[in-house]
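Here the working numbering is used: the first residue of the sequence shown is 156, the next is one more, and so on. From the three backbone atoms N, C-alpha and C, an ideal C-beta is built for every residue, glycine too. Right, one structure below, let's go through it.
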Amino acid sequence: MKRKIVISLLALFVCLSIGGFVAFRSLTHTTDDFNYLIGMHEVEELRKQFLININSVQIDLYKINTPYASELETIVNKMGNIRQLADSCSSCHHAPQLMERIVNIQELVQDFEQALSYYITCSSNIIRREGLRKDAVGIGDTIISMAEEMSHNASKNLESLTDETGHKINDVRKILLVTLSLTFLLGILVVVVLLGSITRPVNELLRATQKIASGEFGTQISYSDNTEFGKLAENFNTMSTVISDGYEKIQKEIVERELTEEALRKSEKFLNTMFDSIRDPFCILDREFHIVKMNEAYSTMVGRKHDDVLGKKCYEVLHGRNAICEGCIVHKSFLSSDPCASESLADSEEGHRKWLEIYTYPIFDELGSIAYVIEYTRDISIRKSNEIALKESKERFELAARGANDGLWDWDMKINNIYYSPRWKSMLGLGDMEIKGDIKEWLNRIHADDHIRVETEISTHLKGYTTHFESEFRMLHEDGTYHWMLSRGVGIRDSSGAVYRMAGSMTDITERKMAEQQLIFDALHDSLTGLPNRALFMDRLRNALYRGKRSEDYLFAVFFIDLDRFKVLNDSMGHTLGDKLLISISQRLEESLRPGDTVARFGGDEFAIILEDLRARKQALHIAKRIQKKLSLPYDLDGQKMFISASIGITFSSAEYDNPEHILRDADIAMYYAKNNGNGRYEIFDKSMYANALSRMQTETDLRQAIKQDEFVLHYQPIISVKENRIDGLEALIRWQHPERGLIYPSEFISIAEETGMIHQIGEWVLLQGCRQLKMWQEKYPSDSPLTMSINISSRQLLPSLVKHVKSALQETGVEPGSLILEITESMFMENITAIAPLLSLLKSMHVQIYIDDFGTGYSSLSYLHHLPIDVLKIDRSFISRIDLQGQNTEIIKAITSLAHSLNMKVVAEGVETEEQLLYIKAIDCEYIQGYLVSKPLNAQEMGSLLGQGLFNLLKRLTHSI
């Protein structure tokens, strides 16, 4: 670029030099002639320069505050040139009319200069400065106008002079015009070339800088040449690239820094969360022992707020912790760089004492120096209290164990050594030096059946599943026998929960176990006979049923045995002989069975048997016969011979049975059928028996409802006095008015009532209702010989409470005791004569009459009759009904009548239904008759009608008809 400028200027200089040289040669010839014209031309030139400078200043003033504005210093310099030109113009020769204008121009130039001076000095005030600029522009415009006017006038003068000398200088002018034209053209060319060389790179540079300013780092200039602008463009591109790379690097560093800061924030948050998540107190101390970091647990432990603790020294937080700080932290962690563990008793500011467990660990910086120490603190006050309590408990335990004569053991698991106390060893018959401190010495002596269980219980406790170890097992004694031992123990755990020590005691419980075994035996066996009881029997029956389910060919049978008339024998001969009889019976039952069969006593006189693995059913029947035969043999008990029989119910296994209770139930049902069919029999269960049993159950249910709903009624059958030909009394016979089944006779429900105990309620009702009806009829039909009422009494009612009920009924109804008759059967009387006799005596003392019903069907001991307060014997209807069959039973009836009369008793013949029977009864002097010949049992209304018809002479009419 410099070379271009130099060449351009040199070309202009050469052109001007040539033109000036040519003009100088022409002017030298006309210098004298045209001196005045030259002077005028010089003045004209000054005027032109003056105008040019004025215009230049004006232009600069207009360009102020624009990108093309000139500097103020340039304007000031131009202003000085204008003043000099004005002064030069004033010193030149002028026409008189121009001098006044030149003076005015000089004054305006001074004003113009002064305005520009003010403008420059007031640059800080924008408004003021703009006003001064406008003033200067106005003055400049005036100067230009006056100068142009003056120049115009001068031109006119010069034109006239020029015309005069035109011819002289025509050649010079042509030369000058040609020179000026060439110079002008050359100047234009230079300007165009220079502008083209400067404007393009400047514009490119300006565009690039604008893009960079807008953030487009790395923008390149598409300009290249060998000039300074090309070098500038190259350097600019390099600079842009460096700026772009630097910017990208800075951006990357910024992103990395933001990521690092985010990671640091997360890390700090994580550390804070981790610190606070640690349940045990935790803090970090610097070399000055200040707490610089801690968790919430630590502030909670020391009983202060977080901000109150942070920055404090460790020994300032808890009183009494100087030793911990100086010893554990300083000597260990800070000085020796070693971790430290310590326990100490510290005092809080509130005066509370705490046991603390301290762990400290050094933290090193990048140079390997200790910068911080981590202090991990745990409040072990509870653990210490527990250890102290455990120690005291152990001491008490050892004292108690010594007092209880128990053996002690202490197992150190760190070295796997166990201590056995002398008492522990002596319980096994061992001397003090005969056993090593090895756990195998203990475990190897445990019975093989207990060994695995004991090891499992120890392992379970060591794993923390149980709070303590307790086990009962058998251990081998030195004498070769096994003794039962009870061992108890507890494990002591470290901070990690692992057991490092276990201690306890061992007690010889052989006697207790033998007693327990005896208790178990007693719980499963009958105390009198030693036979299995119901519980053990049901367990074995359950097992038999299980085997039957597994094998279809497996057959077993169940016997249910009830001794016949055992209660009579037991009551008559005493319970001692009764027990001996039961023992003998149990022995005979065992002798009658095969090995593997089970016989059990259910209590009282009931036994049950399981016959397993039978080949056929007849094998069970053969065993049943053998049992009955063996039981029927006489028993010699304390010199007395006794006989007894048994009723047996038999049930065989079947796929229909799912539980043992049903099998036993069916055997029991079959046994009742055998007993009802006669003593000393056996019956095999069939489904009809169960149906009948269900019917009995339904009857029992209905019977309970009948008592609540008062569904019973009484029917009455007259008892006729043969001699007096009148109704002497009535027998009350109960009936059940069932809402669905109709009228039910006693034979269908009395036995059930006796078995269930409902007979007491029914008996009380019959007694009271019979007395009420009797009293009403006595009052309605008065007689010299009052009407009597017979009430049947069940064997279950023969209790001391019967006397109370009789008294109550008599008092409530007002019936005289002599009008009330209680009837008991002969078999009932003989079942427990020793207990019944006093009861009958009490009733007799009340003047209540006693009848023996169904006499002749039982096994009466005639020697007792004259000792008992019996008033009347009632001959059973079975004897009366056979009189007309070729006179059968007549001798028996006659004998009974004679016996009764000899004992001052009267006789009632039951079941008289024919005239032949009546004639015979009358012939043997039988006092009373009862039966359908006279009347069937009638309800109260019908019996009242019969009594109202005056049928007291019924028997007389009958005999007259005969």
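Legend entry - Contacts around Ser172, its chain only, beta-carbon distance under 7 angstroms, and the 5 residues preceding and following it disregarded: For this step, residue 172 is matched to residue 17 along the sequence shown. Nothing meets the Cβ criterion.
Inset, instruction - With DSSP collapsed to three states, give me the class of Ser727. - result: On the sequence shown, residue 727 is found 572 positions in, with the first residue counted as 1. In this structure, DSSP gives Ser727 a helical state, which the three-state scheme calls helix.
Inset, instruction - Tell me whether Ala496 is buried or exposed, calling it buried when 16 or more other Cβ atoms sit within 10 Å of its Cβ. - result: The residue you call residue 496 lines up with position 341 of the sequence shown. Answer is exposed; the Cβ neighbour count stays below 16.
Inset, instruction - Would you mind sorting Phe339 into buried or exposed? The rule is 16 or more other CB atoms within 10 Å of its CB. - result: As a first step, residue 339 is located in the sequence shown; it is residue number 184 there, counting from the start. With fewer than 16 other CB atoms across the displayed protein chains lying within 10 angstroms of its CB, Phe339 is exposed.
Inset, instruction - Grab me the residues of Gly175's own chain with a C-beta within less than 8 angstroms of its C-beta, minus the 5 sequence neighbours each way, in chain order. - result: To locate residue 175, count along the sequence shown from 1; it is residue 20. Only Thr334 meet the Cβ criterion.
Inset, instruction - With a threshold of 16 other CB atoms inside 10 Å of the CB of Lys1029, please say whether the residue is buried or exposed. - result: The count along the sequence shown starts at 1 and reaches residue 1029 at position 874. Using a 10 angstroms sphere on the CB of Lys1029, the tally of other CB atoms reaches 16 or more, which defines it as buried.
Inset, instruction - Measure the C-alpha to C-alpha separation of Asn688 and Gly804 and round it to an integer number of angstroms. - result: Here residue 688 is taken as the residue at index 533 of the sequence shown, counted from 1. Here residue 804 is taken as the residue at index 649 of the sequence shown, counted from 1. Answer to the nearest angstrom: the Cα atoms are 18 angstroms apart.
Inset, instruction - Thinking Leu465 and Ile446 are a contact (beta carbons under 8 angstroms), I'd like their distance in whole angstroms, please. - result: Numbered from its first residue, the sequence shown carries residue 465 at position 310. Numbered from its first residue, the sequence shown carries residue 446 at position 291. Contact flag correct, Cβ pair sits at about 6 angstroms.
Inset, instruction - Return the CA-CA distance between Gly108 and Val958, expressed in angstroms with no decimal places. - result: Examination of residue 108 is not possible in this model, given that the chain is present from 156 through 1117 alone.
Inset, instruction - State the DSSP-derived secondary structure class of Asp1080, mapped to helix, strand or coil. - result: Residue 1080 sits at position 925 when you count from the first residue of the sequence shown. Three-state result, Asp1080: coil.
Legend entry - Simplified DSSP assignment, three categories, for Pro128: Nothing can be reported for residue 128, as the shown portion of the chain is limited to 156 through 1117.
Legend entry - Distance between Tyr516 and Thr532 (C-alpha atoms, nearest Å): In the sequence shown, counting from the first residue as 1, residue 532 sits at position 377. In the sequence shown, counting from the first residue as 1, residue 516 sits at position 361. Distance between the alpha carbons of Thr532 and Tyr516: 12 angstroms.
Legend entry - C-alpha distance - Leu954 paired with Met669, whole-angstrom precision: Numbered from its first residue, the sequence shown carries residue 954 at position 799. Numbered from its first residue, the sequence shown carries residue 669 at position 514. Taking the Cα positions, Leu954 is about 44 angstroms away from Met669.
Inset, instruction - Evaluate Thr980 with the Cβ neighbour count: other Cβ atoms within 10 Å of its Cβ, from every protein chain shown; 16 or more gives buried, anything less gives exposed. - result: Reading the sequence shown from its first residue, position 825 is the one you call residue 980. Counting Cβ neighbours within 10 Å, Thr980 comes out buried, since at least 16 surround it.
Inset, instruction - Within the same chain, show all residues whose beta-carbon is closer than 6 angstroms to that of Ala1055, passing over the 5 residues directly before and after it, in chain order. - result: Position 900 of the sequence shown, counting from 1, holds the residue named residue 1055. Answer for Ala1055: Leu1028, Val1062, listed in chain order.
Inset, instruction - Would you check if the distance between the CB atom of Phe444 and the CB atom of Lys468 is smaller than 7 angstroms? - result: Within the sequence shown, the letter at position 289 stands for residue 444. Within the sequence shown, the letter at position 313 stands for residue 468. Yes; because the gap between Cβ atoms is below 7 angstroms, this pair is in contact.
Legend entry - Pairwise C-alpha distance: Arg600 and Asn477: Mapped onto the sequence shown, residue 477 falls at position 322. Mapped onto the sequence shown, residue 600 falls at position 445. In this prediction, Asn477 has a pLDDT of 47, which is less than 50 and means its spatial position is unreliable; what the coordinates show is noted afterwards. Cα to Cα, the separation comes out at about 55 angstroms.
Legend entry - Reference His915; option with closest CA among Leu858, Ser706, Ile899, Ala699: On the sequence shown, residue 915 is found 760 positions in, with the first residue counted as 1. The candidate whose alpha carbon is nearest that of His915 is Leu858.
Legend entry - Buried/exposed call for Tyr900, threshold 16 Cβ in 10 Å: Within the sequence shown, the letter at position 745 stands for residue 900. Under this definition Tyr900 is an exposed residue.
Legend entry - From Lys509, Ser492, Ala990, residue whose alpha carbon lies closest to that of Gly523: Along the sequence shown, read from residue 1 onward, the residue named residue 523 stands at position 368. Nearest of Lys509, Ser492, Ala990 to Gly523, Cα basis: Ser492.
Inset, instruction - Mark His616 as exposed unless 16 or more other C-beta atoms lie within 10 angstroms of its C-beta, in which case mark it buried. - result: Here residue 616 corresponds to residue number 461 of the sequence shown, with the count starting at 1. Classification for His616: buried.
Inset, instruction - May I ask you to list the residues that DSSP assigns as paired with Tyr837? - result: Here the question's residue 837 lines up with position 682 in the sequence shown. According to DSSP, which records beta bridges pairwise, Tyr837 is partnered with Ile803.
Inset, instruction - Hey, could you find the ends of the beta strand (DSSP E) Gly659 is sitting in? - result: Against the sequence shown, residue 659 aligns to sequence position 504. From DSSP, the beta strand (DSSP E) with Gly659 extends over 654-663.
Inset, instruction - Leaving aside the five residues before and after Pro436 along the sequence, list all residues of the same chain whose C-beta is less than 6 angstroms from its C-beta, in chain order. - result: Residue mapping note: residue 436 aligns to position 281 of the sequence shown, counting from 1. Contacts found: Ala452, Tyr453, Met456, Thr532.
Legend entry - Touching by the beta-carbon criterion (3+ pairs, under 8 angstroms), the region 418-431 and the region 380-396: No: fewer than three Cβ pairs fall under 8 angstroms.
Inset, instruction - Please classify Phe519: does DSSP put it in a helix, a strand, or coil? - result: Mapped onto the sequence shown, residue 519 falls at position 364. Looking at Phe519 - three-state DSSP - the assignment turns out to be strand.
Inset, instruction - With DSSP as the reference, label Gly947 as helix, strand or coil. - result: Sequence index remark: in the sequence shown, residue 947 carries index 792 (1-based). The displayed chain sequence assigns Asn, not Gly, to residue 947. Residue state, collapsed to three classes: strand.
Inset, instruction - With DSSP collapsed to three states, give me the class of Glu1119. - result: Nothing in the structure corresponds to residue 1119, since the chain is present only between 156 and 1117.
Inset, instruction - Whole angstroms is fine: what's the gap from Ser902's alpha carbon to Leu888's? - result: Position 747 of the sequence shown holds residue 902. Position 733 of the sequence shown holds residue 888. Spanning the two alpha carbons is a distance of roughly 11 angstroms.
Legend entry - Pick from Ile590, Ile573, Asn571 that is closest to Lys580, judged by C-alpha positions: The sequence position of residue 580 within the sequence shown is 425, counting from 1. With distances taken between Cα atoms, Lys580 lies closest to Ile590.
Legend entry - C-alpha distance - Arg1037 paired with Gln1004, whole-angstrom precision: Here residue 1037 refers to the residue found at position 882 when the sequence shown is read from its first residue. Here residue 1004 refers to the residue found at position 849 when the sequence shown is read from its first residue. Their Cα atoms are separated by approximately 29 angstroms.
Inset, instruction - Tell me whether Tyr936 sits in a helix, a strand or coil according to DSSP, three-state version. - result: Looking up residue 936 in the sequence shown gives position 781. Coil at Tyr936, not helix or strand.
Legend entry - Three-state secondary structure assigned by DSSP to His567: In the sequence shown, residue 567 corresponds to position 412, counting from 1. What sits at residue 567 in the sequence shown is Asp, not His. Strand.
Legend entry - DSSP state of His680 mapped onto helix, strand, coil: Residue 680 sits at position 525 when you count from the first residue of the sequence shown. Three-state result, His680: strand.
Legend entry - Range of the contiguous alpha helix (DSSP H) that encloses Phe430: Here residue 430 is taken as the residue at index 275 of the sequence shown, counted from 1. Element bounds for Phe430: 383-432.
Inset, instruction - Output the distance between the C-alpha atoms of Ala1064 and Pro1092, rounded to the nearest integer angstrom. - result: Along the sequence shown, read from residue 1 onward, the residue named residue 1064 stands at position 909. Along the sequence shown, read from residue 1 onward, the residue named residue 1092 stands at position 937. Rounded to the nearest angstrom, the two C-alpha atoms are 16 angstroms apart.
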